[in-house]
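J.: Just passing along the structure, written as structure tokens.
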Amino acid sequence: MIHKAPPHIHQALGLATQALFVSNPNPRVGCVLVSPSGEVIGQGFTQRAGGPHAEVVALRDASGKGFDTSGATAYVTLEPCSHHGRTGPCCDALIQAGVAKVVASLADPNPLVGGRGFDRLRAAGVEVVVGPGAEESRELNIGFFSRMIRGTPWVRLKVASSLDGTTALNNGASQWITSRAARADGHAWRARACAVLTGIGTVLDDNPRLDVREVPTPRQPHVVVVDSQLQLPTDTNLLMNGRDCYVYTASENETKKAALQACGATVIHLPNANGKVDLSAMLQDLGQRGINELHVEAGHKLNGSLVREGLVDELLLYLAPRLLGAGRGIADFGPLTALADGLALEFKSVETLGADLRVVARVQGRDSF
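Under full-length UniProt numbering, the first residue of the sequence shown carries the number 1, and numbering increases by one thereafter.
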């Protein structure tokens, strides 16, 4: 928990959470600068991609207030970067500012950094301490760590259901099983994701927007559609708001592909041996496109395929206090012949939202990378 960390790292972690909806595909990082006398003289968090990182924001904050950063300690929730990307190296900025000590929660998993930032700081005579707040920082950046280490996004499967696991009636009716509070919370989880994934069945049945409306956000997540036969209508709501839309298909229908791409979609041909979309290859492709967290809002069939292929990392479940009996379930996979073959989960949190329960359950061992 955050309260276990030293006070200034605690503060930096709080700042990092302010980058939750902002910094993708970059990690969520906070930085606090403290003078030799113990005064906080600057603070900041990573801005939108292409904008300044947390360390630079904190240095500018200190400079703008007229503070001298010589001899200061920088508390930062991730290793300062050491490479030239859209911005310059943060480790160099700290060195040039005369910072005497850097306390960082974690080494950066990006192979372009991977300890080099710490090495350059130490070579310049800056004391480096690593470790405080490590668990909290990694959890906040679980998608970034997943993409850097595994090459794929962190896959979070969101489901709203009755207490007996029904997500829709057999006639398709599902609006609304859960409360307004649960729906607003679901939008907050959409907002933190790089992309929202759905299946063509959901699109044809509901024509969803899958954007963020219930909470303020400075950016909208990309949208991803699994569409084996390329049935996506060109007038779908998903193509109406200018977001990047990635359509994964097994179809070679070049006419439909051209029509969708004329509407702004990117169509990716990734078939498996069964004429469906290769879901594992899709995740690898999304990782290459900078997707850290993939938020799945799909039907029981696609959910079942993702579970069956071992591609789900975490479940975000909203459970309404009602029973609906026979209907569509959370994920269509199996049937299993032994209880031990079920998907083993561990509860990360259980909270009430209005009348509903929100359960975050992680697949056992999925965060061991």
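Virtual Cβ for every residue (Gly too), placed ideally from N, Cα, C. None of these values were measured; they are calculated from a predicted model.
Look at residue 93 and residue 56 and say whether their C-beta atoms are less than 8 Å apart.
T.: Cβ atoms of residue 93 and residue 56: closer than 8 Å.
J.: So, residue 130 versus residue 118, is the Cβ gap smaller than 8 Å?
T.: Yes.
J.: Whose C-beta lies closer than 8 Å to the C-beta of residue 164 among residues of the same chain, with five residues either side of it excluded?
T.: These residues qualify, in order along the chain: 323, 324, 325.
J.: Name the one or two DSSP bridge partners that residue 104 has.
T.: According to DSSP, residue 104 bridges with 76, 130.
J.: Determine the closest residue to residue 306 out of 276, 292, 58, 265, with distance taken between C-alpha atoms.
T.: It is 276 whose Cα lies nearest to the Cα of residue 306.
J.: Pull up the CB-CB distance for residue 230 and residue 207, whole angstroms please, since I reckon it's below 8 Å.
T.: Rounded, the Cβ-Cβ distance is 17 Å, inconsistent with contact.
J.: For residue 122 and residue 369, which I take to be in contact (beta-carbon distance under 8 Å), what is that distance rounded to the nearest angstrom?
T.: Not really, about 27 Å apart at Cβ, beyond 8 Å.
J.: Would residue 386 pass as a contact of residue 299 if the rule is Cβ separation under 8 Å?
T.: Outside the shown range of the chain (1 to 369) lies residue 386, about which nothing can therefore be said.
J.: Taking the C-alpha atoms as reference points, what is the distance between residue 182 and residue 216?
T.: Spanning the two alpha carbons is a distance of roughly 16 Å.
J.: Just to confirm the assignment, what range does the alpha helix (DSSP H) spanning residue 43 have?
T.: Segment 40-45 is the beta strand (DSSP E) holding residue 43; no alpha helix (DSSP H) there.
J.: Identify, in the order they occur along the chain, each residue of the same chain with its Cβ nearer than 8 Å to the Cβ of residue 109, setting aside the five sequence neighbours on each side.
T.: Once the five neighbours on either side are set aside, the close Cβ partners of residue 109 are 144, 145, 148, 149.
J.: List the DSSP bridge partners of residue 370.
T.: As displayed, the chain neither begins before 1 nor continues past 369, which places residue 370 out of reach and without an answer.
J.: To the nearest angstrom, how far is the alpha carbon of residue 279 from that of residue 339?
T.: Distance between the alpha carbons of residue 279 and residue 339 is about 26 Å.
J.: With DSSP run on the structure shown, which of helix, strand or coil describes residue 53?
T.: The answer is coil: DSSP assigns residue 53 none of H, G, I, E or B.
J.: Can you tell me whether DSSP reads residue 166 as helix, strand or coil?
T.: Residue 166 falls in the coil class under three-state DSSP.
J.: DSSP puts residue 346 in a beta bridge; with which residues?
T.: 362.
J.: Counting along the chain, where does the alpha helix (DSSP H) carrying residue 210 start and finish?
T.: Neither: residue 210 is in no alpha helix (DSSP H) and is coded neither H nor E.
J.: List the endpoints of the continuous alpha helix (DSSP H) containing residue 260.
T.: Run containing residue 260: 254-262, per the alpha helix (DSSP H) assignment.
J.: Would you mind working out which of 101, 236, 228, 247 sits nearest residue 197, comparing C-alpha positions?
T.: Selected option, being the one with the closest Cα: 247.
J.: Should residue 30 and residue 14 be called a contact, given that it needs their Cβ atoms to be closer than 8 Å?
T.: Cβ atoms of residue 30 and residue 14: closer than 8 Å.
J.: What did DSSP end up calling residue 17 once you bin it into helix, strand or coil?
T.: Helix.
J.: Residue 174 by DSSP, collapsed to three states: which one?
T.: Coil.
J.: So, at 8 Å on beta carbons, what are the nonlocal neighbours of residue 270 in its own chain, with the 5 sequence-adjacent residues on each side left out?
T.: Correct list, in chain order: 248, 249, 250, 277, 278, 281, 282, 285.
J.: Applying the criterion that 16 or more other CB atoms from any shown protein chain within 10 Å of the CB defines a buried residue, is residue 154 buried or exposed?
T.: Residue 154 is buried by the Cβ-count criterion.
J.: Does DSSP put residue 83 in a helix, a strand or coil?
T.: Coil, per DSSP.
J.: Comparing the CB of residue 110 with every heavy atom of the ligand GDP, is any distance shorter than 7 Å?
T.: This structure lacks the ligand GDP, and indeed carries no ligand of any kind.
J.: Please identify the residue among 132, 319, 228 whose C-alpha is closest to the C-alpha of residue 104.
T.: Comparing Cα-Cα distances from residue 104 to each of 132, 319, 228, the minimum goes to 132.
J.: Near residue 62, which residues of its chain fall below 6 Å by C-beta distance, leaving aside the five closest residues on each side in sequence?
T.: So the list reads 33, 41, 42, 69, once near-sequence residues are dropped.
J.: Let me know if residue 366 comes out buried or exposed under the rule of 16 or more other beta-carbons within 10 Å of its beta-carbon.
T.: Buried, by the Cβ-count rule.
J.: Please go through the same chain and pick out, in chain order, the residues whose beta-carbon is closer than 6 Å to the beta-carbon of residue 120, but skip the five residues on each side of it.
T.: If we look at residue 120 and ignore the five residues flanking it on each side, its Cβ neighbours are 82, 91.
J.: Classify residue 234: buried if its beta carbon has 16 or more other beta carbons within 10 angstroms, exposed otherwise.
T.: Result: exposed.
J.: Please say whether residue 296 and residue 156 have beta carbons closer to each other than 8 Å?
T.: Against a cut-off of 8 Å, the Cβ pair of residue 296 and residue 156 comes out as a contact.
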